[in-house]
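Protein chains: 2
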Amino acid sequence: MRFETISTGDEIVRGRSRDTNGPWLARRAAEEGVLRRRHTDVGDDPEALADAFAAAGTRADFVVVTGGLGPTEDDHTRVAAAKAAGVGLVSDADLEATIFERYRARGVPVRESSLRQALLPAGAHPLGNPVGTAPGFSLPVGRALLYCLPGVPHEMEAMYESHVRPALVERRGPGVEGAYRSLATFGRPEAAVNDLIGDLMRAKEPSVGVTADFGIIRVTVQATGSGAAARAEATEAEVRQRLGDLVLPARTLEEAVALELGRRGLTLATAESCTGGLVGALLTRVPGISAHYVGGGVTYSDRLKTDLLGVPGALIEAKGAVSEEVARAMAEGARRRFEVDLAVALTGVAGPGGGSPVKPVGLVWIALAGPRGTEAVERRFLPDREFVRRLAAHTALDLVRLRVGSP
Amino acid sequence: MRFETISTGDEIVRGRSRDTNGPWLARRAAEEGVLRRRHTDVGDDPEALADAFAAAGTRADFVVVTGGLGPTEDDHTRVAAAKAAGVGLVSDADLEATIFERYRARGVPVRESSLRQALLPAGAHPLGNPVGTAPGFSLPVGRALLYCLPGVPHEMEAMYESHVRPALVERRGPGVEGAYRSLATFGRPEAAVNDLIGDLMRAKEPSVGVTADFGIIRVTVQATGSGAAARAEATEAEVRQRLGDLVLPARTLEEAVALELGRRGLTLATAESCTGGLVGALLTRVPGISAHYVGGGVTYSDRLKTDLLGVPGALIEAKGAVSEEVARAMAEGARRRFEVDLAVALTGVAGPGGGSPVKPVGLVWIALAGPRGTEAVERRFLPDREFVRRLAAHTALDLVRLRVGSP
Numbered sequence: 001m002r003f004e005t006i007s008t009g010d011e012i013v014r015g016r017s018r019d020t021n022g023p024w025l026a027r028r029a030a031e032e033g034v035l036r037r038r039h040t041d042v043g044d045d046p047e048a049l050a051d052a053f054a055a056a057g058t059r060a061d062f063v064v065v066t067g068g069l070g071p072t073e074d075d076h077t078r079v080a081a082a083k084a085a086g087v088g089l090v091s092d093a094d095l096e097a098t099i100f101e102r103y104r105a106r107g108v109p110v111r112e113s114s115l116r117q118a119l120l121p122a123g124a125h126p127l128g129n130p131v132g133t134a135p136g137f138s139l140p141v142g143r144a145l146l147y148c149l150p151g152v153p154h155e156m157e158a159m160y161e162s163h164v165r166p167a168l169v170e171r172r173g174p175g176v177e178g179a180y181r182s183l184a185t186f187g188r189p190e191a192a193v194n195d196l197i198g199d200l201m202r203a204k205e206p207s208v209g210v211t212a213d214f215g216i217i218r219v220t221v222q223a224t225g226s227g228a229a230a231r232a233e234a235t236e237a238e239v240r241q242r243l244g245d246l247v248l249p250a251r252t253l254e255e256a257v258a259l260e261l262g263r264r265g266l267t268l269a270t271a272e273s274c275t276g277g278l279v280g281a282l283l284t285r286v287p288g289i290s291a292h293y294v295g296g297g298v299t300y301s302d303r304l305k306t307d308l309l310g311v312p313g314a315l316i317e318a319k320g321a322v323s324e325e326v327a328r329a330m331a332e333g334a335r336r337r338f339e340v341d342l343a344v345a346l347t348g349v350a351g352p353g354g355g356s357p358v359k360p361v362g363l364v365w366i367a368l369a370g371p372r373g374t375e376a377v378e379r380r381f382l383p384d385r386e387f388v389r390r391l392a393a394h395t396a397l398d399l400v401r402l403r404v405g406s407p
Numbered sequence: 001m002r003f004e005t006i007s008t009g010d011e012i013v014r015g016r017s018r019d020t021n022g023p024w025l026a027r028r029a030a031e032e033g034v035l036r037r038r039h040t041d042v043g044d045d046p047e048a049l050a051d052a053f054a055a056a057g058t059r060a061d062f063v064v065v066t067g068g069l070g071p072t073e074d075d076h077t078r079v080a081a082a083k084a085a086g087v088g089l090v091s092d093a094d095l096e097a098t099i100f101e102r103y104r105a106r107g108v109p110v111r112e113s114s115l116r117q118a119l120l121p122a123g124a125h126p127l128g129n130p131v132g133t134a135p136g137f138s139l140p141v142g143r144a145l146l147y148c149l150p151g152v153p154h155e156m157e158a159m160y161e162s163h164v165r166p167a168l169v170e171r172r173g174p175g176v177e178g179a180y181r182s183l184a185t186f187g188r189p190e191a192a193v194n195d196l197i198g199d200l201m202r203a204k205e206p207s208v209g210v211t212a213d214f215g216i217i218r219v220t221v222q223a224t225g226s227g228a229a230a231r232a233e234a235t236e237a238e239v240r241q242r243l244g245d246l247v248l249p250a251r252t253l254e255e256a257v258a259l260e261l262g263r264r265g266l267t268l269a270t271a272e273s274c275t276g277g278l279v280g281a282l283l284t285r286v287p288g289i290s291a292h293y294v295g296g297g298v299t300y301s302d303r304l305k306t307d308l309l310g311v312p313g314a315l316i317e318a319k320g321a322v323s324e325e326v327a328r329a330m331a332e333g334a335r336r337r338f339e340v341d342l343a344v345a346l347t348g349v350a351g352p353g354g355g356s357p358v359k360p361v362g363l364v365w366i367a368l369a370g371p372r373g374t375e376a377v378e379r380r381f382l383p384d385r386e387f388v389r390r391l392a393a394h395t396a397l398d399l400v401r402l403r404v405g406s407p
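From first to last, the protein sequence lines stand for chains A and B. Residue numbering for the first sequence is 1 to 407, as defined by the working numbering. Residue numbering for the second sequence is 1 to 407, as defined by the working numbering.
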């Protein structure tokens, strides 16, 4: 079944407010095993709305429209739906009676604009609103059944549950189910992950996709139809087997580090220069991390590298603050001074200024000091301050994860 | 000019991850006076993508597509754009050379999948990516010029600035159809800001809206039609006048702090417990902050509060780590030990565990030590770990901004 959604409103199409209805509908439909094929945002323009509804009617079987059903001048969904269906507007007697009743209960005369809410495209089926005043309707447009709901999220959600979900399930037919799995990897670029699971990604069912976020490559597996859960699980197992220790044992790097530190009962400190506290900020997102993470130094200035971590001023002078030697001295100083099992240190050129031919923007040294000695890695990240800092922080966390995880 | 955007990706159309590129492009184009008419989300399906591109080419003058340009099997934008334009794919010699060069620099053989990134629709104009590896391209499709950019937000944003914005402004011509202004506030909740500018928000033209993000309330003003720029400016001035020193002198709190520290030539250190380095991580997002921010201590454990900041163990014992007294001692210790003009300290119960009737989850003490003494504020934020930490960090930055900004 081809399912689409359309969100209406100038504030959405102009980027001033975020549409939450579209993503919500996609997730709820996926729970019924129906995958959304397309979503459209359109402004409060009757022509553009009618065009979007008609176009959806040529492609889709089931369309949910949100917004534009209120009593105000910029609510055009009724008119546009009628136009897309090639019908006129008629006033629904039951809806009219409900509106008169509402005003009578409040003891005020009926406002003419409110009566607009009784107008429906000819042939539309009215949908009661259990939690608000704007009614909705369903209407055949082209090959699709078009459901028009109010834009206020809690009204839209209540009407989805009472009217739309049952119709969606009925149209979908029996025996369809969907299943969704995902895992996170770190340590290889997107292209390398693709090489390892490209054949699975080319298969249509289950569908396998990857998304990248500051070096974390997330692999998702989605299966539909009967036996979806078992097929999604089998594909996930195959992905895990191929990607090996690239796969994190948790959703995020900081959770993976917390998990590994917990397993081994180890303590950790940080010594951060170019990341300015980002590694600590990530680690302390994890509740309960205080059992293993003690804190550390944000040694942004050279003076603090010496005062807090005991890095000799002469070493910084001789090798430069961004060097293997200083990274090692930072990690070893933090491990000694903060009395922990492991200390990780970062120093780099985040940019945009401060680079040189020998030490370009993006160069980062990361050192990890532990009971078995100190290791240091050099990385060159792409020249954008935010990216360099995030990837440096992620790489440091991954270094801790791999060191702690492998005995 | 008719401007549209298209975001691609199964994870977006299926509601699994939120598209931020579409709204960002709409806001940035609005700043140039170009109002977006439509936005479409489509999955990783070459047929559906080609159909969406071709349809946009019949309606729009200028279309920006994000995503689907990576090296992996589910990246279909090149193929779909070629199909929509009715042309074939050709390998671009310059892009090929760049890819070979990148691999040569790393000393590894070229991966075949990476060479897919050199393929472009015939007649396309390649667009360099200053911060990543996926190149983009522009291509005429129907009556529109189609710009295809990578989906990674910071790459997309950099390429918008260098390639798309100039082309958009040129196509727009001198006839500006809208004007857009925005400002950021901190210190009062959304409802309070609403009360101060509610009448402006009810007006249709210019339209005024607010969005909230961890306590930062952003107010946007949008005007359309002739004289839009002057009207938007007048409304913005009225908003600024009513909101007074809630209005930040920059886009973010960390930029506002950097600005004020720069104006007065002051230095700052941090001492963070519950935020774990977040204040430092925010401050060091600002290039050049090293002239004023020296770093500080992530004193997550009580021992580090004593070792790094000199907070007496007996004080922590007597008052508890989350107390006004310890917050003050942290700030004063950091100011003295790190030899700075100002030091800001945070200690709180981020949750979900660790709360008590006297010190509930969400309680945060923030202290600021400076040449005119130490002030401390108590806050109770909502009981969600991430929200407590973010709001605490923002409140600490705002405290610094207001103290430094007012002589």
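Even glycine gets a Cβ: it sits at the ideal position worked out from N, Cα and C.
Using a beta-carbon distance below 8 Å, is ASN129(A) in contact with chain B?
-> No, no contact with chain B.
Classification of GLN222(B) by the beta-carbon crowding that lies within 10 angstroms, buried from 16 upward = Counting Cβ neighbours within 10 Å, GLN222(B) comes out buried, since at least 16 surround it.
Partner residues on chain B for LEU35(A), Cβ-Cβ distance less than 9 Å | The contacting residues are ASP10, VAL13, ARG14, GLY43.
Buried versus exposed call for ALA237(A) [16 or more other C-beta atoms within 10 Å across all chains shown] | Exposed.
For a contact meaning CB atoms closer than 8 Å, what does GLU190(A) contact in chain B?
-> Ordered by position in chain B, the residues that pass the 8 Å Cβ test against GLU190(A) are GLY70, PRO71, THR72.
In chain B, what lies closer than 8 Å to ASP195(A) by C-beta?
-> Chain-ordered, the chain B residues with CB closer than 8 Å to the CB of ASP195(A) read ARG111, SER113.
Assuming LEU368(A) contacts ALA331(A) under a Cβ cut-off of 8 Å, what Cβ separation, rounded to an integer in Å, is found between them?
-> Beta-carbon to beta-carbon, LEU368(A) and ALA331(A) are separated by about 6 Å, close enough to satisfy the 8 Å threshold.
Look at the alpha carbon of THR395(B) and the alpha carbon of PRO140(A), and state the distance between them as a whole number of angstroms.
-> Taking the straight line from one Cα to the other gives about 53 Å.
Nearest to LEU49(A) by alpha carbon, out of THR306(A), LEU146(A), ARG181(A)?
-> Closest option to LEU49(A), Cα to Cα, is LEU146(A).
At a Cβ threshold of 8 Å, is THR220(A) touching chain B?
-> Under the 8 Å criterion on CB atoms, THR220(A) is classed as interfacial with respect to chain B.
Cβ-based burial, GLY227(B) [other Cβ within 10 Å; buried from 16] | It counts as exposed.
According to DSSP, which residues form a beta bridge with THR20(A)?
-> As computed with DSSP, THR20(A) is found in no beta bridge at all.
What do you reckon, are the CB atoms on THR72(B) and ASN194(A) nearer than 8 Å?
-> Yes, these two residues count as a Cβ contact at 8 Å.
Buried or exposed for GLY15(B), please, with buried defined as at least 16 other CB atoms from any protein chain shown within 10 angstroms of its CB.
-> GLY15(B) should be labelled buried.
Closer than 7 Å by beta-carbon distance: list the chain B residues that pair up with TYR160(A), in chain order.
-> Near TYR160(A) there are no residues of chain B at all, since even the closest Cβ is about 13 Å away, more than 7 Å.
DSSP-derived helix/strand/coil call for PHE100(A) = If DSSP states are grouped into helix, strand and coil, PHE100(A) belongs with the helices.
Residues near LYS305(A) by beta carbon distance below 6 Å, same chain, minus five either side = Here the set comprises THR299, VAL311.
Return no unless some Cβ of chain B is closer than 8 Å to the Cβ of ARG379(A).
-> Judged by the 8 Å Cβ criterion, ARG379(A) is not in contact with chain B.
Spatial distance of VAL108(B) from ALA124(B) (CA atoms) = Straight-line measurement puts the Cα of ALA124(B) at about 29 Å from the Cα of VAL108(B).
Whether SER162(A) touches PRO206(A) by CB criterion (8 Å) = Result no, Cβ atoms of SER162(A) and PRO206(A) do not sit closer than 8 Å.
Chain B residues whose Cβ lies nearer than 8 Å to that of PRO352(A) | Residues of chain B passing the Cβ test: PRO287.
Positions along the stretch 292-313 of chain A whose CB lies within less than 9 Å of some CB in chain B = Contact annotation: in the stretch 292-313 of chain A, residues whose CB is within less than 9 Å of a CB in chain B are TYR293, VAL294, GLY295, GLY296, GLY297, VAL298, THR299, TYR300, SER301, ARG303, LEU304, LYS305, ASP307, LEU308.
Excluding the 5 residues preceding and the 5 following ALA52(A) in the sequence, name in chain order all residues of the same chain whose CB lies nearer than 6 Å to its CB.
-> Leaving aside the five residues that flank ALA52(A) on each side, the residues in its chain whose CB is nearer than 6 Å to its CB run, in chain order, ILE6, THR40, VAL42.
Compare the Cα-Cα distances from LEU246(B) to each of LEU308(B), SER114(B), ALA93(B), ALA192(B) and report the closest residue.
-> Comparing Cα-Cα distances from LEU246(B) to each of LEU308(B), SER114(B), ALA93(B), ALA192(B), the minimum goes to ALA192(B).
How is the beta strand (DSSP E) around VAL374(B) delimited, first residue to last?
-> The displayed chain sequence assigns Thr, not Val, to residue 374(B). THR374(B) -> beta strand (DSSP E) spans 373-380.
For PRO23(A) and chain B, any beta-carbon pair shorter than 8 Å?
-> Yes, PRO23(A) counts as interfacial toward chain B.
Return the chain-ordered list of same chain residues with a C-beta closer than 6 Å to the C-beta of VAL219(A), the five sequence neighbours on each side being excluded.
-> Excluding positions up to five away in sequence, the list reads LEU183, VAL210, VAL239.
Delimiting residues of the alpha helix (DSSP H) encompassing VAL400(B) | Residues 385-405.
When the Cα of GLY187(B) is compared with those of LEU253(B), ALA179(B), PRO126(B), which residue comes out closest?
-> Closest option to GLY187(B), Cα to Cα, is LEU253(B).
Please go through the stretch 286-354 of chain B and give each complete alpha helix (DSSP H) segment of 4 or more residues, from N-terminal end onward.
-> Listed in chain order, the complete alpha helix (DSSP H) runs (minimum 4 residues) inside the stretch 286-354 of chain B are 302-309, 313-319, 324-337.
With PRO206(B) as the anchor, note down where its alpha helix (DSSP H) starts and where it stops.
-> PRO206(B) -> no alpha helix (DSSP H), and no H or E assigned at all.
The stretch 268-281 of chain B: positions lying closer than 9 Å to chain A by Cβ | Listed by position along the chain: ALA269, THR270, GLU272, SER273, CYS274, THR275, GLY276, GLY277, LEU278, VAL279, GLY280, ALA281.
So is GLY265(A) in contact with chain B if we call contact Cβ pairs under 8 Å?
-> So no, GLY265(A) is outside the interface.
Can you find a CB in chain B that lies within less than 8 Å of the CB of PHE3(A)?
-> Taking Cβ atoms only, chain B never reaches closer than 8 Å to PHE3(A), which makes this a no.
Using a beta-carbon distance cut-off of less than 7 Å, what residues from the stretch 329-343 of chain A approach chain B?
-> Cβ contacts with chain B come from PHE338.
Helix, strand or coil: how does DSSP classify GLY187(A) here?
-> Coil at GLY187(A), not helix or strand.
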